[in-house]
Structures are given as C-alpha cells and as structure tokens.
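First residue of the sequence shown: 7, per my numbering; consecutive thereafter.
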Amino acid sequence: MTVFKCYMKIIKKNTGMIIMYFVIFAAISVVMLYAGKGNNGQDQFMESKLRAAIVDKDKSGISENIARYISKLHNAKKVKDNLSVLQEEMYYQKYDIVIQIPEGFGEQFLSGKAAVAVTQQPGQFSYMYVESQINDFINRIIKYNLAGYTMEESFKKVSDIKESKVTLLDVNGNGGNMPDFAYLFQYFPYISIAILGNSLGIIVCSFRKKEVKNRMAASAVPLRRQSGEAFLAFIVTGVAVWTGFIIMVLVIKGEELLNNANIFYYILNSFTVMMLSLSMAFLTGMIAKKADTVNMIVTPVSLFMSFLGGVFVPLSMLNNTVRKAARFVPVYWYEEVNNKLSGYAQIPQNVVKEIWRGIGIQILFTIMFIAVTLAVSRYQRQER
Numbered sequence: 007m008t009v010f011k012c013y014m015k016i017i018k019k020n021t022g023m024i025i026m027y028f029v030i031f032a033a034i035s036v037v038m039l040y041a042g043k044g045n046n047g048q049d050q051f052m053e054s055k056l057r058a059a060i061v062d063k064d065k066s067g068i069s070e071n072i073a074r075y076i077s078k079l080h081n082a083k084k085v086k087d088n089l090s091v092l093q094e095e096m097y098y099q100k101y102d103i104v105i106q107i108p109e110g111f112g113e114q115f116l117s118g119k120a121a122v123a124v125t126q127q128p129g130q131f132s133y134m135y136v137e138s139q140i141n142d143f144i145n146r147i148i149k150y151n152l153a154g155y156t157m158e159e160s161f162k163k164v165s166d167i168k169e170s171k172v173t174l175l176d177v178n179g180n181g182g183n184m185p186d187f188a189y190l191f192q193y194f195p196y197i198s199i200a201i202l203g204n205s206l207g208i209i210v211c212s213f214r215k216k217e218v219k220n221r222m223a224a225s226a227v228p229l230r231r232q233s234g235e236a237f238l239a240f241i242v243t244g245v246a247v248w249t250g251f252i253i254m255v256l257v258i259k260g261e262e263l264l265n266n267a268n269i270f271y272y273i274l275n276s277f278t279v280m281m282l283s284l285s286m287a288f289l290t291g292m293i294a295k296k297a298d299t300v301n302m303i304v305t306p307v308s309l310f311m312s313f314l315g316g317v318f319v320p321l322s323m324l325n326n327t328v329r330k331a332a333r334f335v336p337v338y339w340y341e342e343v344n345n346k347l348s349g350y351a352q353i354p355q356n357v358v359k360e361i362w363r364g365i366g367i368q369i370l371f372t373i374m375f376i377a378v379t380l381a382v383s384r385y386q387r388q389e390r
C-alpha cells in the first residue's frame with residue numbers, strides 16, 4: 007500500500023485547502039437554502055399587501071369607494087397632496103406605492119376614460135399588480151351599472167363578492183412543499199465536483215510529472231496496482247467530504263431528514279454523485295498538463311453541469327430543448343432523482359423505478375469516466 011500511503015500523505019498536506027473549499031461551498035448552499043425558501047410550494051399562492059398612500063383629489067362618492075376597496079387589499083392610508091413629502095417618504099420606503107385619484111374622476115367614471123395614477127419606487131413592478139386590481143374593480147362596477155343597477159348598488163354588489171378560497175390538495179403527503187434539507191442536497195453536486203476536482207485533480211497532475219512517472223514506472227509495484235491504490239485514496243477522501251456534507255445537513259435539518267421516509271434514497275443518490283465527482287477529478291488530473299490548469303478545467307465544467315443539470319436553475323424552468331440536451335449531463339439525473347424524492351413523502355412503486363434508473367445512469371457515467379481515464383493513462387504511458 008505504498009502508493010496509497012503516498013497519496014494520503016499528500017492529501018493530508020492539502021487538507022486545509024479541502025476544508026476551505028468545503029466551507030465556502032457549504033456556506034453558498036446554506037445561503038441558497040434560506041434564499042430559496044418560500045419560492046416553492048404554497049407560499050407562491052399567498053397574496054401580498056403593499057404599503058399604499060392614497061391621494062384623493064376628487065373627493066367624490068366614487069373615489070371614496072375606490073379608496074375603501076384599496077384599503078381592503080393593502081395597508082393603505084389617505085394622505086395630503088404634497089409631492090415633496092410623498093417623494094421623501096417613498097425614498098425612505100415608508101410607502102411602496104402612491105395612488106392618486108385625479109379631480110373629475112367621478113364625472114368621467116362611466117365613460118371609461120377615468121384613470122387612477124399609481125407611482126412607485128424605481129425598479130419595482132408592483133404597480134402593475136395594483137393597477138390590475140383597481141381596473142378590475144372599476145370594470146365590474148361599470149358592468150353592473152350597465153346592467154341596470156344604480157351606482158351605490160353596483161359598489162355594494164362588487165364589494166360583497168367573496169374571494170375564492172383555494173386549498174392545495176396534499177396529494178404527495180408533503181403539503182406541496184419541498185423539504186428544506188432537499189435544497190442542501192440540490193447543491194451537493196456543485197460542492198462535490200468543485201471540491202474534489204480542484205483538490206484531487208491537482209494531486210493526480212503532480213504525480214504525472216516526468217521524474218515522478220519514471221520513478222513509479224521503475225518501481226516493483228505494477229502500474230495497475232498503482233492506479234488502484236490511487237483511486238482507493240480518492241475514495242477515502244471522497245467519503246470524508248461526503249460524510250462532512252451529511253453531517254452538515256444533519257446539523258441544520260437533522261430532525262427533518264431523519265424523519266423522512268426517503269432518507270435512504272437521499273443518501274444513496276448523494277453518494278453516487280460523489281463517486282461520479284471522484285471519477286471526473288481523476289480524469290481532470292490526467293488531462294491537465296499543469297496543476298495550474300486544473301482549476302481552469304474544473305470551474306467551468308462544474309458551473310456548466312450545475313446550470314444545465316438543474317442545480318442553480320430548477321429543471322422545471324428549463325424548456326424542452328434544453329432539458330433534452332441536459333440528459334447528457336450526469337448531474338441532470340441526480341437532480342431528477344432529488345426532485346422526485348422531494349416531491350413525495352412516500353415514494354409510489356412506479357416512481358421508485360424512475361429513481362433507480364436515475365441512480366443507475368449516474369453509475370454508468372461514472373464507469374464511462376473511469377474507462378476514459380484508464381484509456382488516457384495507457385495512451386500517456388505509450389507516448390512516453
């Protein structure tokens with residue numbers, strides 16, 4: 007086990023770099039977890055209330071009813087028509103929007119020419135949301151009036167309409183929400199490929215120096231055994247990184263993960279992508295001519311796979327053409343499995359088959375990378 011010990015000795019010297027990478031990428035994952043919370047599940051269907059200032063220049067019965075309607079939907083307050091004060095209050099974010107009902111609004115109301123002005127902070131688009139609500143309210147009143155109701159009756163009819171209550175059915179047992187720990191597993195491929203690729207790829211590259219290769223070729227240890235012991239050292243390092251990730255998940259969301267019925271598949275899926283990352287790191291070290299170029303290979307590859315595979319951009323947001331291309335990226339199949347696991351509290355039998363298919367395809371990619379690495383290694387020995 008001379009080669010194994012040699013690799014482990016070098017890896018031990020680079021432990022600080024591995025820990026640094028792990029902390030950085032783990033911190034990114036945690037930040038993305040809390041930034042992403044509420045972007046899935048039922049929170050998407052919750053109505054928002056804005057802080058609104060209402061300037062009623064018309065002071066008519068119609069404008070009063072519109073102001074009352076706005077107050078039902080938002081945290082609204084009637085204010086004086088003082089432009090400089092309102093600009094200052096919006097600058098200091100006291101109000102999100104300012105709604106101005108112009109003079110003569112009531113007289114032009116039924117003609118359809120009346121318009122309510124909505125002003126908001128630059129770069130925000132919530133005014134479209136408010137304008138849509140106000141226009142919908144006005145149009146419904148006009149329709150009731152044209153149907154023969156008086157203006158007061160029209161206002162009452164529209165105001166009495168009850169909003170539809172939407173209840174999301176808990177079909178899959180998780181309330182339509184993605185478990186928080188699933189976000190952490192979602193970003194693991196990026197962590198795994200980046201850390202193992204950068205740290206271990208450099209080590210393999212250093213062993214390919216001419217003087218080192220010549221010494222190893224002249225040793226009594228067969229080349230096949232040398233490769234095997236090197237990969238064993240890689241596995242030990244990969245398992246250490248993977249174990250550190252699992253411990254991180256347990257520290258942050260341990261109770262939620264341990265109580266999840268799909269914990270076995272989460273762990274197996276993450277272990278599979280770790281093995282995939284090891285095979286990619288080995289190949290990177292074999293094709294990189296210098297240690298300095300390892301990072302130049304790993305960084306774009308990890309980002310490319312993460313974006314196309316669904317780590318940073320959810321697979322549901324990718325169009326069909328991109329998704330078809332993404333099938334040739336191994337990370338895609340990891341995210342497919344992760345999404346299926348996070349979508350069910352209890353996996354149905356037909357979905358279990360799809361999960362095993364995704365894990366199996368990752369294993370095939372791993373075998374392919376190992377085969378390519380061995381082919382490159384043999385070619386380099388012949389070239390020498």
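Ideal placement from N, C-alpha and C gives every residue a C-beta, glycine not left out. All values reported here derive from a predicted model rather than from experimental measurement.
Residue burial classification, residue i (beta-carbon count within 10 angstroms, cutoff 16)
i	result
residue 371	buried
residue 289	buried
residue 346	buried
residue 276	buried
residue 2	There is no way to answer for residue 2, as the model of the chain reaches only from 7 to 390.
residue 318	exposed
residue 89	exposed
residue 50	Interpretation of residue 50 is limited by its pLDDT of 46, a score under 50 that renders its predicted location unreliable; the figure taken from the coordinates is listed afterwards. With fewer than 16 Cβ atoms within 10 Å of its Cβ, residue 50 is classed as exposed.
residue 263	buried
residue 99	exposed
residue 337	buried
residue 21	exposed
residue 81	exposed
residue 44	Here residue 44 scores only 47 on pLDDT, less than 50, and its place in the model is too uncertain to base an answer on.
residue 251	buried
residue 196	buried
residue 204	buried
residue 161	buried
residue 281	buried
residue 385	exposed
residue 270	exposed
residue 265	exposed
residue 368	buried
residue 141	exposed
residue 35	buried
Reference residue i, options the options, closest by Cα
i	options	result
residue 29	198, 184, 97 and 147	198
residue 111	85, 144, 99 and 84	144
residue 108	374, 268, 75 and 63	63
residue 310	332, 298 and 248	332
residue 383	317, 74 and 291	291
residue 79	94, 256, 60 and 252	60
residue 192	15, 339, 357 and 75	339
residue 351	137, 184 and 313	184
residue 97	121, 126, 207 and 114	126
residue 366	296, 200, 279 and 10	279
residue 206	10, 24, 122 and 377	24
residue 146	72, 298 and 190	72
residue 188	348, 283, 33 and 342	348
residue 16	208, 270, 35 and 327	208
residue 37	341, 186 and 235	186
residue 101	83, 270, 87 and 315	83
residue 116	329, 297 and 68	68
residue 283	33, 202 and 327	202
residue 335	165, 268 and 313	313
residue 14	236, 163 and 33	236
Whole-Å CB distance - residue i paired with residue j, under 8 Å assumed
i	j	result
residue 27	residue 200	7 Å
residue 39	residue 190	6 Å
residue 122	residue 56	No, residue 122 and residue 56 are not in contact; Cβ-Cβ is about 14 Å, not under 8 Å.
residue 285	residue 194	Not a contact, Cβ separation roughly 16 Å.
residue 148	residue 124	With 8 Å as the limit, residue 148 and residue 124 do not qualify as a contact, their Cβ atoms being about 19 Å apart.
residue 211	residue 300	6 Å
| Uninterrupted alpha helix (DSSP H) stretches inside the stretch 235-320 (no shorter than 4 residues) | DSSP runs (the alpha helix (DSSP H)) wholly in the stretch 235-320: 269-293 and 298-315.
Item checked: Inside the stretch 134-172 only - alpha helix (DSSP H) runs reaching at least 4 residues -> If one requires a minimum length of 4 residues, the alpha helix (DSSP H) runs lying completely within the stretch 134-172 are 157-166, in chain order.
Check: Given 8 Å as the limit, is there contact between the stretch 238-251 and the stretch 321-329, that is, 3 or more CB pairs closer than that?
Finding: With contact defined as three or more Cβ pairs closer than 8 Å, the stretch 238-251 and the stretch 321-329 are not in contact.
Checklist line | Any 3 or more C-beta pairs closer than 8 Å across the stretch 266-284 and the stretch 353-364 | finding: Put simply, the stretch 266-284 touches the stretch 353-364. At least three CB pairs are less than 8 Å apart.
* Asked: Is the stretch 150-164 in contact with the stretch 296-314, if contact means three or more CB pairs nearer than 8 Å?
  -> Contact check between the stretch 150-164 and the stretch 296-314: fewer than three CB pairs, one atom from each, fall below 8 Å, which does not count as touching.
Task: Minimum length 3: unbroken beta strand (DSSP E) runs contained in the stretch 60-105 - done: You should have 81-84.
Practice problem: Identify every run of the alpha helix (DSSP H) within the stretch 183-219, keeping only runs that are complete inside it and at least 4 residues long; order them along the chain. | Solution: Annotation note: the stretch 183-219 contains the following uninterrupted alpha helix (DSSP H) runs of length 4 or greater, listed N- to C-terminal: 186-192 and 194-213.
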